[in-house]
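> If you scroll down you'll find the structure; I have some questions about it.
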Amino acid sequence: MSAALGLKTKPVTTEPADDDSDVSALINRLTAEVNQIAVDKTKSIQQITNQMKMLALNALIESSRAGAQGAGFAVVAQEVRGVGQQVETIARELETQLTKRTGDLVASIERMSQRSRGERMMDLSLNAVELIDRNLYERTCDVRWWATDSAVVDCAASPVPAAVSYASQRLGVILGAYTVYLDLWLCDLDGNVIANGRADRFRVVGQNVAQTKWFREAKSLRSGDDYVAGDVENQPLLGNAQVATYCASVRAGGEAHGAPIGVLAIHFDWEPQARAIVQGVRVGDNDKARVLLVDSNFRVIAASDGQGILSERIALSLNGQRSGFYHDRSGTMIAFHATPGYETYRGLGWYGVIVCGA
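Heads up: the sequence shown is residues 1 to 358, going by UniProt numbering.
Here you go:
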């Protein structure tokens, strides 16, 4: 298992939709040019028809002066005048119909572009939450593995000073290799911390955590194969750092179905690890995007701009869907994707979310 960012997954490689934007911009430009050509040519036709009508009018005046001899010419002048009027009508209809068609084309291209952008953002939302799922899957493996370490088991069974010292040493060795953790705590069944890996930094031995949700759930685990995945929270005993706590029960003899004798809690250093994921999502500069991870209550637990973490809530309109995108009243695009889980880690109902400026 890797010690940095969980599984060695590849970074998000979905490229920005520059090609889509370029094509859309090209079509918009060409359509605008066609519209302008239609307007210019229509004006030219109208100028010519105006000249034809003027000539026809002059011809009618002259034919009236010529009397009976100009009667035939007057008929021709009237026909020329009528033809000019028809040409002008056709030109106007052509301009109206052409601009309407090109307008429809522009609107269609814009809808296609928005859909393409929305689907891309939805995929990137999936990438973000999927990466954190794979990362946290490793945390569930770590805690169950380390709960069977002989030093941990012996200390939980008999927390005499020598056993505590050795367990703390072993936990410190693990922390030296796995830099994604702030601390590892061994607790007795009453919730008292009896050993930790960074005793020189965090003086938590003797503290009682019996009232925490993660400890209560861990105490009720049915076997050593089960685990608890806690919500992201600020942990006062770790300098109020943002942590995701994972727990497993320590069992007699290190056996999965042995009698429970303690709880091992490992505190994942959440903020820098989650920040690396959301800031690594390859949104384009033009997207003006904010990449988020939110929990099952839509609370922001990671943000590419570093704002609102553990305090802001996002009003997602899911409409019963696990993934999708939509525009809110301000025109802002919001794309989302629910956690898919990974292997035996089913996820905690989190979402990857990308908010794009209008």
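Cβ atoms here follow ideal geometry from the backbone N, Cα and C, with glycine treated the same way.
Take residue 3 and list the residues in its own chain whose beta-carbon comes closer than 8 Å to its own, dropping the five residues that flank it on each side.
In this prediction, residue 3 has a pLDDT of 42, which is less than 50 and means its spatial position is unreliable; nothing more can be read from the coordinates.
> Mind checking residue 39: buried by the 16 CB within 10 Å criterion, or exposed?
exposed
> Could you tell me which whole beta strand (DSSP E) segments of length 3 or greater appear in the segment 219 to 250?
228 to 235
> Quick one: Cα of residue 108 to Cα of residue 284, how far?
23 Å
> Measuring alpha carbon to alpha carbon, tell me which of 143, 355, 319 ends up nearest residue 229.
Its Cα nearest to that of residue 229, the residue 143 stands out among 143, 355, 319.
> Pick from 244, 224, 54: whose alpha carbon is nearest that of residue 233?
244
> Cα-Cα, which of 288, 318, 130 is closest to residue 339?
130
> Within 10 angstroms of its Cβ, does residue 242 collect 16 or more other Cβ (buried), or is it exposed?
Buried is the call here.
> Does the segment 143 to 155 come close enough to the segment 254 to 274 to have 3 or more Cβ pairs within less than 8 Å?
yes
> So is residue 292 buried or exposed if we call it buried at 16+ other beta carbons inside 10 Å?
buried
> If you draw a straight line from the C-alpha of residue 311 to the C-alpha of residue 295, how long is it?
Between residue 311 and residue 295, the C-alpha separation is close to 12 Å.
> Taking residue 346 as the reference, which of 309, 226, 194 has the closest Cα?
Nearest of 309, 226, 194 to residue 346, Cα basis: 226.
> Is the distance from the Cβ of residue 49 to the Cβ of residue 94 below 8 Å?
Result no, Cβ atoms of residue 49 and residue 94 do not sit closer than 8 Å.
> Apart from the five residues on each side of it in sequence, which residues of its chain come closer than 6 Å, Cβ to Cβ, to residue 172?
197
> Would residue 194 be called buried (16 or more neighbouring beta carbons within 10 Å of its own) or exposed?
buried
> Roughly how many angstroms lie between the CA atoms of residue 344 and residue 163, to the nearest whole one?
Roughly 33 Å between the two C-alpha positions.
> Fully enclosed by the segment 236 to 315, which beta strand (DSSP E) runs are 3 residues long or longer?
241 to 251, 260 to 269, 289 to 294, 300 to 303
> The beta strand (DSSP E) that contains residue 352, what's its start and end?
351 to 356
> Where do the ends of the alpha helix (DSSP H) carrying residue 330 lie?
It is not in any alpha helix (DSSP H) - residue 330 carries neither H nor E in the DSSP assignment.
> If you count every other CB in all the chains shown that lies within 10 Å of the CB of residue 204, and 16 or more means buried, which is it?
buried
> Which residues in the same chain as residue 209 place their Cβ atom closer than 7 Å to its Cβ, once the five residues preceding and following it in sequence are excluded?
The residues are 187, 191, 193, 215.
> Do residue 354 and residue 124 have their C-beta atoms closer together than 8 Å?
yes
> So for residue 318, helix, strand or coil by DSSP?
coil
> Looking only at DSSP bridge pairs, what is residue 183 linked to?
In DSSP, residue 183 forms a bridge with 267.
> Take the Cβ of residue 324 as the centre, count every other Cβ of all protein chains shown within 10 Å, and call the residue buried at 16 or more, exposed below.
buried
> If the criterion is Cβ atoms closer than 8 Å, does the pair residue 357 and residue 288 meet it?
Yes, the pair counts as a contact, with Cβ atoms nearer than the cut-off.
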